[in-house]
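Colleague: Sequential numbering from 142 applies to the sequence shown in full-length UniProt numbering. Backbone N, C-alpha and C define an ideal beta-carbon position, used for all residues, glycine too.
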Amino acid sequence: KYIQKSEFKSLKIFYTDEIDSTNTWAKKLAEESGIKTIVCISASQTKGYGRHGNTWVSPHGQGIYLSIVLHPEICTDKLPVITLAAALAAAEAIRECSGVNALIKWPNDIVFEGKKLGGILTEMAADMDGVRYVVCGIGINVNNDTFKDGNLEYAVSLFNITKKKYSRKKLICDITNKFLKYSDAVFKSGNLQPIKEKYKSLLVNIGKTVRISEKKGEFEALSEGINDEGCLIVLKNNNERVCIVSGDVSVRGI
Ligand code: BTN
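(1) Work out the CA separation of Asn368 and Leu333 for me, nearest whole Å.
(2) Would you say the beta carbon of Asp286 comes nearer than 7 Å to a heavy atom of the ligand BTN?
(3) Which residue comes first and which comes last in the beta strand (DSSP E) that contains Lys257?
(4) Between the C-alpha atoms of Ile395 and Val351, what's the straight-line distance to the nearest angstrom?
(5) Heavy atom of the ligand BTN less than 7 Å from the Cβ of Thr163, yes or no?
(6) Is Leu343 near Ala232, with beta carbons less than 8 Å apart?
(7) What is the rounded straight-line gap between the Cα of Ser330 and the Cα of Gly240?
(8) Could you name the residues that DSSP lists as bridge partners for Ile245?
(9) The ligand FAD heavy atoms versus the CB of Arg192: any closer than 7 Å?
(10) Quick check on this structure: which residue in Gly202, Ala226 and Tyr190 has the alpha carbon closest to the alpha carbon of Ile316?
(11) Can you list, in chain order, the residues of its chain whose CB lies under 7 Å from that of Cys238, leaving out five sequence neighbours each side?
(12) Give me the Cα-Cα distance between Thr178 and Asn380, rounded to the nearest whole angstrom.
(13) Using a threshold of 8 Å, state whether the C-beta atoms of Val272 and Ile215 are closer than that.
(14) Let's see if you can read the secondary structure: which residues bound the alpha helix (DSSP H) around Cys384?
(15) Would DSSP call Cys181 helix, strand or coil?
(16) List the whole-angstrom C-beta distance separating Ile205 from Gly280, where the pair is believed to meet the contact cut-off of C-beta under 8 Å.
(17) How long is the line joining the alpha carbons of Thr163 and Lys188, rounded to whole angstroms?
(18) Are the CB atoms of Ile374 and Glu365 within a distance shorter than 8 Å?
(19) Under three-state DSSP, which class holds Cys277?
(20) Around the Cβ of residue 418, are there at least 16 other Cβ atoms within 10 angstroms (buried) or fewer (exposed)?
(21) Do you know how far the Cα of Cys372 is from the Cα of Ile385?
(22) Does the distance between the C-beta of Leu312 and the nearest non-hydrogen atom of the ligand BTN fall short of 7 Å?
(23) Report yes if the C-beta distance between Arg192 and Leu244 is below 8 Å; otherwise report no.
(24) Residues bridged to Gln186 by DSSP?
(25) Anyone know if the C-beta pair for Pro200 and Ser387 falls short of 8 Å?
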């Protein structure tokens, strides 16, 4: 009811009580349904997953488990900006609804005082003509009490921070509306420009030393900013300036 469907062609919202993973479900629907914009929401996940093959602990009714399918007409190298648009949508919606100082750790983490409040997992299907569809999975720790059954040593929820419980429905609507607006803007312009200043204002990395793990190995560098493609610009110890593309990279040490 509260998601602004009218602006988006053929938007459909799916809700269930339990699913393996909303990302897996969204990919299936994208392959089978022909619907342009798909929003999948579940009250729990039995096989929620995050980046680097991590498990995303998804207890019933406590967190937000949301995946959105889009069909952007862009080439694959422009896709990283979608993750940044989702992170901005989630961080802003959290700040507005709870007053919690949620920030973004490039590219996809929502953090509070160094602990993880949420994360974004973007997956895509492409062929020779370009991107067929993209699935943006958003997980937020909302009313979770403890994280004892998971590996989330550094996790935190809005409830842990404020001792208040929140309407997940309201937060899901706010995140979705913002995400649809921001993703539309970055796809139209083909870069991060329309949301760059907002994203940068919530970014914790700038001016910090980060440890970057790539397939080739690890190195430390100073984060200087982000460019219009959504890459992190870092200065290595040998004074070489490089752009880090999200992909398989892991950035630690905020
Ligand atoms: C990360 O920080 O590594 C990303 C976590 C993404 C979790 C969300 S929850 C909804 C969607 N379904 C999944 O299985 N994963 C994403």
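Modeller: According to the structure shown:
(1) Their backbone Cα atoms lie some 8 Å apart in a straight line.
(2) Incorrect: Asp286 has no Cβ contact closer than 7 Å to the ligand BTN.
(3) Note, Lys257: beta strand (DSSP E), Lys256 to Asp268.
(4) Because Ile395 carries a pLDDT of 45, less than 50, the predicted location of this residue cannot be relied on, and the following value inherits that uncertainty. About 7 Å.
(5) At least one heavy atom of the ligand BTN lies less than 7 Å from the C-beta of Thr163.
(6) Contact flag set, yes.
(7) Those two C-alpha atoms are separated by around 31 Å.
(8) DSSP links Ile245 through a beta bridge to Ile251 and Leu344.
(9) As far as ligands go, the structure on display features the ligand BTN and does not contain the ligand FAD.
(10) Comparing C-alpha distances from Ile316 to each of Gly202, Ala226 and Tyr190 shows the shortest one belongs to Ala226.
(11) Within the same chain, Cys238 has close Cβ partners Tyr307, Lys311, Leu312 and Asp315.
(12) Taking the straight line joining both Cα atoms gives about 44 Å.
(13) In this structure, Ile215 lies closer than 8 Å to Val272 by Cβ.
(14) No alpha helix (DSSP H) contains Cys384, which is instead part of the beta strand (DSSP E) from Arg382 to Ile385.
(15) Note: Cys181 maps to strand in three-state DSSP.
(16) The beta-carbon distance between Ile205 and Gly280, rounded to whole angstroms, is 7 Å. This is short enough to meet the 8 Å contact definition.
(17) It is roughly 9 Å from the alpha-carbon of Thr163 to the alpha-carbon of Lys188.
(18) Yes. Within cutoff.
(19) Strand.
(20) This structure does not reach residue 418, given that the chain is present from 142 up to 395, and the question cannot be answered.
(21) The alpha-carbon atoms of Ile385 and Cys372 are separated by roughly 5 Å.
(22) No, the Cβ of Leu312 stays beyond 7 Å of every heavy atom of the ligand BTN.
(23) The answer is no: Cβ separation not under 8 Å.
(24) Partner(s): Ile160.
(25) The answer is no: Cβ separation not under 8 Å.
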